[in-house]
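Residue numbers for the sequence shown follow UniProt numbering, beginning at 1 and rising by one. No residue lacks a Cβ here, since even glycine has one placed at the ideal position from N, Cα and C. Since the structure comes first, as structure tokens, the remarks are kept for the end.
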Amino acid sequence: MRKIELNKRQEQILQIVKENGPITGEHIADRLNLTRATLRPDLAILTMAGFLDARPRVGYFYTGKTGTQLLTENLKKICVKDYQSIPVVVNESVSVYDAICTMFLEDVGTLFVVDGTGILVGVLSRKDLLRASIGNQELTTLPVNIIMTRMPNIAMCQKEDPLIEVADRLIEKQIDAMPVVKETSKGYEVIGRITKTNITKAFVALANDD
Numbered sequence: 001m002r003k004i005e006l007n008k009r010q011e012q013i014l015q016i017v018k019e020n021g022p023i024t025g026e027h028i029a030d031r032l033n034l035t036r037a038t039l040r041p042d043l044a045i046l047t048m049a050g051f052l053d054a055r056p057r058v059g060y061f062y063t064g065k066t067g068t069q070l071l072t073e074n075l076k077k078i079c080v081k082d083y084q085s086i087p088v089v090v091n092e093s094v095s096v097y098d099a100i101c102t103m104f105l106e107d108v109g110t111l112f113v114v115d116g117t118g119i120l121v122g123v124l125s126r127k128d129l130l131r132a133s134i135g136n137q138e139l140t141t142l143p144v145n146i147i148m149t150r151m152p153n154i155a156m157c158q159k160e161d162p163l164i165e166v167a168d169r170l171i172e173k174q175i176d177a178m179p180v181v182k183e184t185s186k187g188y189e190v191i192g193r194i195t196k197t198n199i200t201k202a203f204v205a206l207a208n209d210d
């Protein structure tokens with residue numbers, strides 16, 4: 001949810017609860033010279049946003065959390081599965097030339113390389129393909145498994161991982177994308193991908209969510 005900009009009355013409510021909590025809704029309404037019904041939407045917003053906590057027959061408490069802290073908590077709740085996209089995979093036997101064609105046709109910056117059983121064995125980036133092209137090698141006969149990044153040197157994630165942690169790893173590894181995998185008895189099956197674009201979309205959605 002968005003970092004909420006509180007109106008004047010909501011700020012007054014927060015101040016009253018800070019100074020007098022726990023305090024009932026009726027007492028807050030009395031202090032503001034308002035009816036309980038008029039105050040109810042503001043209390044609901046402040047409680048759902050996490051600024052206040054409410055306990056039956058006791059009243060409202062101030063949680064002590066700032067808007068920034070609440071935004072951070074919401075970020076940590078977003079999982080990879082909420083924003084992952086469809087992976088683009090190639091077989092380890094395909095040529096570098098075919099991989100370049102696939103990358104441009106699919107408009108992606110990273111290809112995931114799988115073996116004959118569909119298990120992840122490597123990753124190909126634009127840089128990998130560019131280096132192979134500059135080397136003046138015969139790209140139609142050079143297999144991608146010669147130039148790809150191999151297991152176990154592949155950064156990967158799973159669908160339940162917090163998206164913010166994956167973003168940190170992308171920055172740390174200085175890579176543009178990461179395969180989303182499912183562990184099987186044979187190895188890791190690629191079920192999705194997370195890119196810097198996916199993460200940017202998540203942050204924009206978080207900022208715009210009403």
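- Judged by DSSP secondary structure, residue 191 falls within the beta strand (DSSP E) whose first and last residues are 188-195.
- Just measuring C-alpha positions, the residue of 203, 117, 28 sitting nearest residue 184 is 117.
- In this structure, DSSP gives residue 118 a state outside helix and strand, which the three-state scheme calls coil.
- Residue 182: member of the beta strand (DSSP E) spanning 177-183, first to last residue.
- Counting only residues of its own chain and dropping the five nearest sequence neighbours on each side, residue 100 has a CB closer than 6 Å to the CB of 129.
- With respect to residue 133, residue 139 sits close: the two C-beta atoms are nearer than 9 Å.
- Runs of the beta strand (DSSP E) lying entirely within the UniProt domain "CBS" (83-139) and spanning at least 3 residues, in chain order: 89-91, 110-114, 120-125.
- Partner residues in the beta bridge of residue 149, as assigned by DSSP, are 123.
- Exclusion of the five residues before and after residue 150 leaves 121, 122 as the residues of its chain whose Cβ lies within less than 8 Å of its Cβ.
- Around residue 202, the same chain offers 78, 82, 83, 163 as residues with beta carbons nearer than 8 Å, after the five sequence neighbours per side are excluded.
- Annotated as proximal: residue 63 and residue 51, with beta-carbon spacing under 9 Å.
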